Amino acid sequence: MSRLFTLLSLILLISCTQPETKFPVYAWMGGPGDASDKQIRAEFSVLADRGITGLMYNGGQAKETYQRVGRIAKKAGLEFHAWIPTMVQGKNPELPPELYAVNGLGESAYDKPAYVDYYTFLCPSREDVRHFLDSLYGSIADLPEVDGIHLDYIRFPDVILAEGLWDKYDLVMDREYPQFDYCYCDHCVNGFKEKSGLDIRSEEDPSQVEAWKQYRYDLITFIVNRLADTVHARDKIISAAVFPGPHSIARKIVRQEWDKWNLDAFYPMNYNDFYLKGTQWIGEVCHEGVSAINNRVPLYSGLFICPRPEHKSEEPDPEGHGLVPGELKDAIRESLDNGAAGICLFTPGRMTEEHWEAFEEAVFVK
Ligand SMILES: [Zn+2]
Numbered sequence: 006m007s008r009l010f011t012l013l014s015l016i017l018l019i020s021c022t023q024p025e026t027k028f029p030v031y032a033w034m035g036g037p038g039d040a041s042d043k044q045i046r047a048e049f050s051v052l053a054d055r056g057i058t059g060l061m062y063n064g065g066q067a068k069e070t071y072q073r074v075g076r077i078a079k080k081a082g083l084e085f086h087a088w089i090p091t092m093v094q095g096k097n098p099e100l101p102p103e104l105y106a107v108n109g110l111g112e113s114a115y116d117k118p119a120y121v122d123y124y125t126f127l128c129p130s131r132e133d134v135r136h137f138l139d140s141l142y143g144s145i146a147d148l149p150e151v152d153g154i155h156l157d158y159i160r161f162p163d164v165i166l167a168e169g170l171w172d173k174y175d176l177v178m179d180r181e182y183p184q185f186d187y188c189y190c191d192h193c194v195n196g197f198k199e200k201s202g203l204d205i206r207s208e209e210d211p212s213q214v215e216a217w218k219q220y221r222y223d224l225i226t227f228i229v230n231r232l233a234d235t236v237h238a239r240d241k242i243i244s245a246a247v248f249p250g251p252h253s254i255a256r257k258i259v260r261q262e263w264d265k266w267n268l269d270a271f272y273p274m275n276y277n278d279f280y281l282k283g284t285q286w287i288g289e290v291c292h293e294g295v296s297a298i299n300n301r302v303p304l305y306s307g308l309f310i311c312p313r314p315e316h317k318s319e320e321p322d323p324e325g326h327g328l329v330p331g332e333l334k335d336a337i338r339e340s341l342d343n344g345a346a347g348i349c350l351f352t353p354g355r356m357t358e359e360h361w362e363a364f365e366e367a368v369f370v371k
């Protein structure tokens, strides 16, 4: 009896020490590396104390990892969503090279990916690809420790890079160029021909063919909605990290028409510095997103945190940019004022003490 009482008091104490927040706050994070259960437990309890509601957790593709880490997250009082990239898949015996996407020059993302080595995107029109993704997400959604599935890289490679990245890659992306434009594999080209009667390979400028764009938006939408059925059949929720928009950016640069996706929540990556914009723009794209989905499900505004605010001005790589503590409160206010249901931090590990102080002022119920 006294042990039970101690246990109950402890639970009560833990729940009392967790701060009350005005809205849900999610966080993208990866792990666990070689961390022990004890280390993960300590990390998660700090996050819960800081006011984090739930984690979008990338732990690879092994079920055991999500079981183990998910159990610890639940005990810390955190929601736990498995964050697993979708169309970007590394080399895997289940995915032969012919299942990868092909660009407008006929080069495969399997052995000649665009921009960076890890841009090994799959072709979205192949049934084997859809089946692979279905069984991957279905098996993780089956786990009782997992509250939901969080899709990422659910898109084509960037046919236009965000403007803040042009210098880094020494590119001026004033139009769609064939080496960054996918997918021109036989399956996609023939599928489009059957549907439209057009042979896209014989078009002088495919970027001017609206039906070809729509065909590719629809390929991604088809995969998302099929995965949504798979996850919903297991009574779990499914969400995605998406590009801002959908109309102003996501459709144009990565072919995501996400207002047509049957998801339970959207997490647009409203990373203003990548688009050379300020915090007011975060409000504008939140407004656009919430309107596009008719506010039918929550939209959580993804915020990119600057890890070394004092060195931001001399940091050449946009990956090191992001919101400094002074901007974080504005970014949160802009998001909420424009219809976001909450926010999602990329990442809690990048937050400095000054960020957390600004965060508390904006988020905690006083
Ligand atoms: Zn293809």
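Sequential numbering of the sequence shown, starting at 6, is according to my numbering.
Note that CB positions come from ideal geometry on N, CA and C, so glycine has one too.
From a predicted model like this one, the values you see are computed outputs, not experimental measurements.
In chain order, what residues of the same chain lie with their CB nearer than 6 angstroms to the CB of P312, ignoring the 5 residues before and after it?
Here residue 312 refers to the residue found at position 307 when the sequence shown is read from its first residue. Once the five neighbours on either side are set aside, the close Cβ partners of P312 are R355.
Can you find the residues in the same chain that come closer than 8 angstroms, C-beta to C-beta, to W171, ignoring five residues on each side of it along the sequence?
Locating residue 171 in the sequence shown gives position 166, where the first residue counts as 1. The answer, listed in chain order, is V177, M178.
Any contact of the segment 79-93 with the segment 50-69, i.e. 3+ C-beta pairs under 8 angstroms?
yes
Could you check where the beta strand (DSSP E) with W88 kicks off and where it finishes?
For the purposes of this step, residue 88 is identified with residue 83 of the sequence shown, where counting begins at 1. Counting along the chain, the beta strand (DSSP E) containing W88 begins and ends at 84-90.
So which of D175, P183, K80, Q44 has the shortest CA-CA distance to L110?
Your numbering for residue 110 matches position 105 in the sequence shown. Ranking D175, P183, K80, Q44 by Cα distance to L110 puts P183 first.
Hey, would you say P321 sits closer than 8 angstroms to D278, going by beta carbons?
Here the question's residue 321 lines up with position 316 in the sequence shown. Here the question's residue 278 lines up with position 273 in the sequence shown. Not a contact, by the Cβ cut-off of 8 angstroms.
Whether or not the segment 323-342 and the segment 283-302 are in contact is what I'm after, with contact meaning three or more pairs of Cβ atoms, one per stretch, closer than 8 angstroms; do they touch?
yes
Whole angstroms are fine: how far does the CA of R221 sit from the CA of R131?
As a working note, residue 131 is residue 126 in the sequence shown. As a working note, residue 221 is residue 216 in the sequence shown. Rounded to whole angstroms, R131 to R221 spans 13 angstroms at the Cα level.
For H360, three-class secondary structure by DSSP:
Here the question's residue 360 lines up with position 355 in the sequence shown. Looking at H360 - three-state DSSP - the assignment turns out to be helix.
Apart from the five residues just before and just after E150, which ones in its own chain have a Cβ nearer than 7 angstroms to its Cβ?
By 1-based counting over the sequence shown, the position of residue 150 is 145. If we look at E150 and ignore the five residues flanking it on each side, its Cβ neighbours are Y71, Q72, G75, R76, K79, F85.
Coil, strand or helix - I383 by DSSP:
The question about residue 383 has no answer, for the chain in this structure spans 6 to 371.
How far does the beta strand (DSSP E) with V247 in it reach, from first residue to last?
Position 242 of the sequence shown, counting from 1, holds the residue named residue 247. First-last of the beta strand (DSSP E) with V247: 242-247.
Looking at C-alpha atoms only, which residue of E358, D54, R301, L224 is the closest neighbour of R160?
As a position in the sequence shown, residue 160 is number 155, starting the count at 1. The shortest Cα separation from R160 among E358, D54, R301, L224 belongs to L224.
Return the first residue and the last residue of the beta strand (DSSP E) that P273 is part of.
Your numbering for residue 273 matches position 268 in the sequence shown. P273 -> beta strand (DSSP E) spans 270-273.
On the three-state DSSP scale, how would you describe F197?
Indexing the sequence shown from 1 puts residue 197 at position 192. The answer is helix: DSSP assigns F197 an H, G or I state.
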